[in-house]
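> Could you have a look at this structure, given as structure tokens, before my questions?
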Amino acid sequence: MPLHICFAHGKESGPWGNKGQLLSRIARERGHEYSALNYLSCEQPDNPESRVKMLTEYLTEMQVPSEELVLIGSSMGGYVAARASQQFPAAGIFLMAPAFGLTQYPMQWPELNSTHIHIIHGLFDSTIPWMNSNQVSQNTGCALHLLSDDHRLTDSINVIEEDFIAFLEPLEQALP
Numbered sequence: 012m013p014l015h016i017c018f019a020h021g022k023e024s025g026p027w028g029n030k031g032q033l034l035s036r037i038a039r040e041r042g043h044e045y046s047a048l049n050y051l052s053c054e055q056p057d058n059p060e061s062r063v064k065m066l067t068e069y070l071t072e073m074q075v076p077s078e079e080l081v082l083i084g085s086s087m088g089g090y091v092a093a094r095a096s097q098q099f100p101a102a103g104i105f106l107m108a109p110a111f112g113l114t115q116y117p118m119q120w121p122e123l124n125s126t127h128i129h130i131i132h133g134l135f136d137s138t139i140p141w142m143n144s145n146q147v148s149q150n151t152g153c154a155l156h157l158l159s160d161d162h163r164l165t166d167s168i169n170v171i172e173e174d175f176i177a178f179l180e181p182l183e184q185a186l187p
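So in this note's numbering, spot 42 of the sequence shown is number 53, and the numbers just go up one at a time.
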């Protein structure tokens, strides 16, 4: 039985940017299902809750069992994945520079509904402070990998690949 890996991209990117292509390739190579919604086409693409609604409607339609669901989010997509996990608990949540602690978002610190969580964040992120991810890690006990990179994590694509594969391994072993 494969995992269903669902990627939520950031505010200014799209589903098939560098991270989306990397994650899709890894998922396919490992025999998993992969989806990446295009949030730029949602009703209000700059509104994170509009994106949450789009993802939860998709997950409702797909009826993915929680033990097979992996939510991935980058930047605003990290917020979207976290909020979706409140309605759809996930086997795992993998976040890159998640948009937590932002006062302009309806929920600054959304609960992460999973027991297997990994966050990657750049130390030189001028968009979302890495300390926000550090606070989430301290509060939840989840893994946090701080990198010498900025918000886009462009120079860390190889580290993202290594971390994502290591993140998937225990989830794959838990599958029936």
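The beta-carbon is built from N, C-alpha and C at its ideal position, and this holds for glycine as well. No experiment lies behind these values; they were computed from the predicted model shown.
(1) Rounded to a whole number of angstroms, what is the C-alpha to C-alpha distance between Pro26 and Ile171?
(2) Is Ile139 helix, strand or coil by DSSP?
(3) Would Leu113 pass as a contact of Ile128 if the rule is Cβ separation under 9 angstroms?
(4) Does Ser46 come out as helix, strand or coil in the three-state DSSP assignment?
(5) Can you tell me which residues form a DSSP beta bridge with Cys17?
(6) Is the Cβ-Cβ distance between Ser2 and Leu123 less than 9 angstroms?
(7) Taking a contact to mean a Cβ-Cβ separation below 9 angstroms, would you say Met87 touches Ala19 in this structure?
(8) Comparing C-alpha positions only, which one of Glu40, Ile176, Leu51 and Met65 sits nearest to Ile193?
(9) What is the residue span of the beta strand (DSSP E) that Met107 lies within?
(10) Measure the alpha-carbon distance for Tyr116 versus Asn58 and round it to whole angstroms.
(11) Excluding sequence positions up to five away, which residues of its chain have a Cβ less than 6 angstroms from the Cβ of Gln55?
(12) Going by C-alpha to C-alpha distance, which of Glu183, Pro187 and Leu155 sits closest to Asp174?
(13) For Val147 and Cys153, I'd like the C-alpha separation in whole angstroms.
Based on what the coordinates show:
(1) 16 angstroms
(2) coil
(3) no
(4) strand
(5) Ser46 and Leu82
(6) Any property of residue 2 remains undetermined from this structure, which presents the chain solely from 12 to 187.
(7) yes
(8) Residue 193 cannot be examined here, being either before or after the span of the chain that is shown, 12 to 187.
(9) Gly103 to Met107
(10) 8 angstroms
(11) Ser61
(12) Leu155
(13) 8 angstroms
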